[in-house]
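Here my numbering runs 123 ahead of the position in the sequence shown, where the first position is 1.
All residues carry an ideal CB built from backbone N, CA and C; glycine is no exception.
In this text, all values refer to a predicted model and were calculated from it rather than measured experimentally.
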Amino acid sequence: MAVATHGISVLCATLAFGCIPAKAQTPESVLLEAMQWNAATRERVAKSEKAILAYVRAGLVSLKPDRRIDYTDYRLLQRPATLFGLPLVALEEEYFKGFIGCCVSPGVGAIVEASGSSSAMRSFAQANQCSIDEPIDQADLHIRRSRGPFLEISCRERDVKN
Numbered sequence: 124m125a126v127a128t129h130g131i132s133v134l135c136a137t138l139a140f141g142c143i144p145a146k147a148q149t150p151e152s153v154l155l156e157a158m159q160w161n162a163a164t165r166e167r168v169a170k171s172e173k174a175i176l177a178y179v180r181a182g183l184v185s186l187k188p189d190r191r192i193d194y195t196d197y198r199l200l201q202r203p204a205t206l207f208g209l210p211l212v213a214l215e216e217e218y219f220k221g222f223i224g225c226c227v228s229p230g231v232g233a234i235v236e237a238s239g240s241s242s243a244m245r246s247f248a249q250a251n252q253c254s255i256d257e258p259i260d261q262a263d264l265h266i267r268r269s270r271g272p273f274l275e276i277s278c279r280e281r282d283v284k285n
């Protein structure tokens with residue numbers, strides 16, 4: 124049973140321990156779950172929709188995509204946020220709802236401004252069956268607020284190796 128006390132979510136169990144604080148999930152932590160690879164199940168830990176909705180609920184992106192190219196929706200950040208300590212510029216969600224051509228690869232990705240070290244992002248990508256592309260050309264997305272250069276982390280079906 125979950126109980127709200129002074130704005131703090133508390134998870135109550137019928138154990139001798141009583142109530143314990145529930146782990147708060149940030150939009151970034153939910154996105155990382157959607158990017159994380161579970162080798163045992165051969166799937167991502169969470170669905171991309173869950174990550175997108177976490178950012179929508181936090182008022183960081185709109186529910187309606189800013190751009191749609193082929194099977195991918197792009198949502199530009201409306202307020203500052205970070206991913207791996209780098210400025211987050213956009214979220215990508217690739218999905219299949221109806222056939223419009225070749226080669227859909229469901230999953231999630233993010234575009235960050237490469238204004239600092241990308242070593243944490245690179246380590247995560249290597250450990251979680253994701254890929255990193257650089258430099259990324261964002262002319263089609265009309266990203267004006269950021270200066271670039273950009274990096275894209277992609278955690279889609281096509282990024283899984285064997």
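Item: Limits of the beta strand (DSSP E) - the one that residue 178 falls within; Value: Unbroken run through residue 178 is the alpha helix (DSSP H), 171-180; no beta strand (DSSP E).
Item: Proximity below 8 angstroms, CB of residue 275 to CB of residue 255; Value: yes
Item: Residue 167 in three-state terms, based on DSSP; Value: strand
Item: Residue 195 beta carbon less than 8 angstroms from that of residue 217; Value: yes
Item: Contacts around residue 185, its chain only, beta-carbon distance under 8 angstroms, and the 5 residues preceding and following it disregarded; Value: 179, 198 and 201
Item: Inter-residue spacing [alpha-carbon to alpha-carbon] between residue 207 and residue 241; Value: 7 angstroms
Item: Terminal residues of the beta strand (DSSP E) in which residue 153 lies; Value: Unbroken run through residue 153 is the alpha helix (DSSP H), 150-158; no beta strand (DSSP E).
Item: 6 angstroms Cβ shell around residue 156 - same chain, five flanking residues per side excluded; Value: 168 and 169
Item: Bridge partner(s) assigned by DSSP for residue 280; Value: Answer is none; residue 280 lacks a bridge partner.
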